[in-house]
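These notes concern the structure reproduced below.
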Ligand SMILES: C[S@@+](CC[C@H](N)C(=O)[O-])C[C@H]1O[C@@H](n2cnc3c(N)ncnc32)[C@H](O)[C@@H]1O
């Protein structure tokens, strides 16, 4: 197995927004290789404490190794960030972070089935205890549902043509590997046609988001992790996809509003005044600078937004 190597994005920006001096309690809902966690502990040491989770066993193992130098200052558990309230007390944290999406090792290890560049099983599960795999979707969903998935979660403009090609290719024998699927998609789209990205990029992205219920997990996770912050605590979220970023923006907008809309329908005359529960640290998302963009291609689509919890 290759060593776990993941370059953390917007590292300094996350640390500066969460750590405001020595000490403090921190949460990392996507501990991955432990890059952000280690930087938070280094900046808040020696009395800072971090509780972290990930749904990937390999990531947890790597994070435990990375954090060994901060012995006694952290606790890691396997699981969803949305489940953190099961083992973290409400109002415990001064700062929390979630760095969404996949880690480089998940993409780089062929056997995980995330990559269209190397052959592996059509898997894409971050948590390998989970039942649903990419193969179940590719071989089990009808053409219409596949087309909608590729369009909605991947932004694939030729979603119908691609879905029909998959339907034809799987007749007789199921599609089983990443390169089989990449080939079917590539041929349906007429090859790369001068584009910079591989023709299967959008289809693979849509499948990965669906297999791991990434948007549902984020919706639940924002609520859960927010409940664990103290008043004055901060939540720093890095997104890599416009749909994730939209969820984070809508979450913050609802909390910063000075009114509630009964029944969730916003009729100005029926609004009920309330105190805002949050403020944005900055109105605009923080993005990577030139140096980071040159050194780390993953940073290209990263956007950081930070919300501060206000006293009610
Ligand atoms: C981009 S990596 C995190 C990298 C980490 N910040 C670092 O610096 O090393 C994203 C990680 O989040 C995990 N993950 C994604 N969604 C999750 C969820 N809903 N609950 C827990 N972990 C999740 C993935 O398994 C992956 O290891």
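In this note's numbering, the protein residues as written are 109 to 420. All C-beta atoms in this analysis are idealised placements derived from N, C-alpha and C, irrespective of residue type, glycine included.
Q) Starting from residue 387 and walking both ways along the alpha helix (DSSP H), at which residues does that stretch end? A) It is not in any alpha helix (DSSP H) - residue 387 instead sits in the beta strand (DSSP E) that spans 386-388.
Q) Whose C-beta lies closer than 8 Å to the C-beta of residue 342 among residues of the same chain, with five residues either side of it excluded? A) In chain order, 125, 126, 202, 203, 204, 389, 414, 415, 416, 417 place their CB closer than 8 Å to the CB of residue 342, counting only its own chain and leaving out the 5 sequence neighbours on each side.
(Q) Let me check one thing: in DSSP terms, what residues is residue 203 bridge-paired to? (A) DSSP lists 134, 342 as the bridge partner or partners of residue 203.
Q) Just reading off the alpha helix (DSSP H) that residue 120 is part of, what are its end residues? A) Run containing residue 120: 119-126, per the alpha helix (DSSP H) assignment.
Q: State the Cα-Cα distance for the pair residue 131 and residue 321, rounded to the nearest angstrom.
A: Cα atoms of residue 131 and residue 321: separation of roughly 35 Å, rounded to the nearest angstrom.
Q: Confirm the yes/no value for this check: CB of residue 138, any heavy atom of ligand 1, distance under 6 Å.
A: Answer for residue 138: yes, Cβ within range of ligand 1.
**Q.** Burial state of residue 261, where buried means 16 or more other Cβ atoms lie within 10 Å
**A.** Buried, since its Cβ has 16 or more Cβ neighbours within 10 Å.
Q: Examine the Cβ distances between the region 230-250 and the region 374-384 and report whether three or more of them are shorter than 8 Å.
A: Segment contact: the region 230-250 against the region 374-384, fewer than three CB-CB distances shorter than 8 Å; contact not assigned.
Q: Please find out if some non-hydrogen atom of ligand 1 comes closer than 6 Å to the beta-carbon of residue 222.
A: At a threshold of 6 Å, residue 222 does not count as near ligand 1, since its beta carbon sits no closer than that to any of the ligand's heavy atoms.
Q: Report the three-state DSSP secondary structure of residue 229 (helix, strand or coil).
A: Note: residue 229 maps to strand in three-state DSSP.
Q: Between the Cα of residue 111 and those of 161, 169, 122, spot the shortest distance and give me the residue it belongs to.
A: Scanning 161, 169, 122 for the CA closest to the CA of residue 111 turns up 169.
Q. What residues match up with residue 411 in a beta bridge as DSSP calls it?
A. Paired residues: 347.
Q. Quick one: is residue 162 buried, meaning 16 or more other Cβ sit within 10 Å of its Cβ, or exposed?
A. By the 16-neighbour rule on beta-carbons within 10 angstroms, residue 162 is buried.
Q. Under 6 Å from any heavy atom of ligand 1, does the C-beta of residue 306 make it?
A. No, the Cβ of residue 306 stays beyond 6 Å of every heavy atom of ligand 1.
(Q) Let me check one thing: in DSSP terms, what residues is residue 337 bridge-paired to? (A) DSSP, once it has assigned bridges, lists 201 as partnering residue 337.
(Q) Given this structure, state the Cα-to-Cα distance separating residue 285 from residue 223, to the nearest angstrom. (A) So the alpha carbons of these two residues sit roughly 10 Å apart.
Q: With hydrogens ignored, establish whether the beta-carbon of residue 153 is closer than 6 Å to any heavy atom of ligand 1.
A: Because no heavy atom of ligand 1 lies under 6 Å away, the Cβ of residue 153 does not count as near it: no.
**Q.** Distance between residue 186 and residue 200 (C-alpha atoms, nearest Å)
**A.** C-alpha separation (whole angstroms): 19 Å.
Q: Taking residue 377 as part of the beta strand (DSSP E), name the residues at either end of that continuous run.
A: Where residue 377 is concerned, there is no enclosing beta strand (DSSP E), given that its DSSP letter is neither H nor E.
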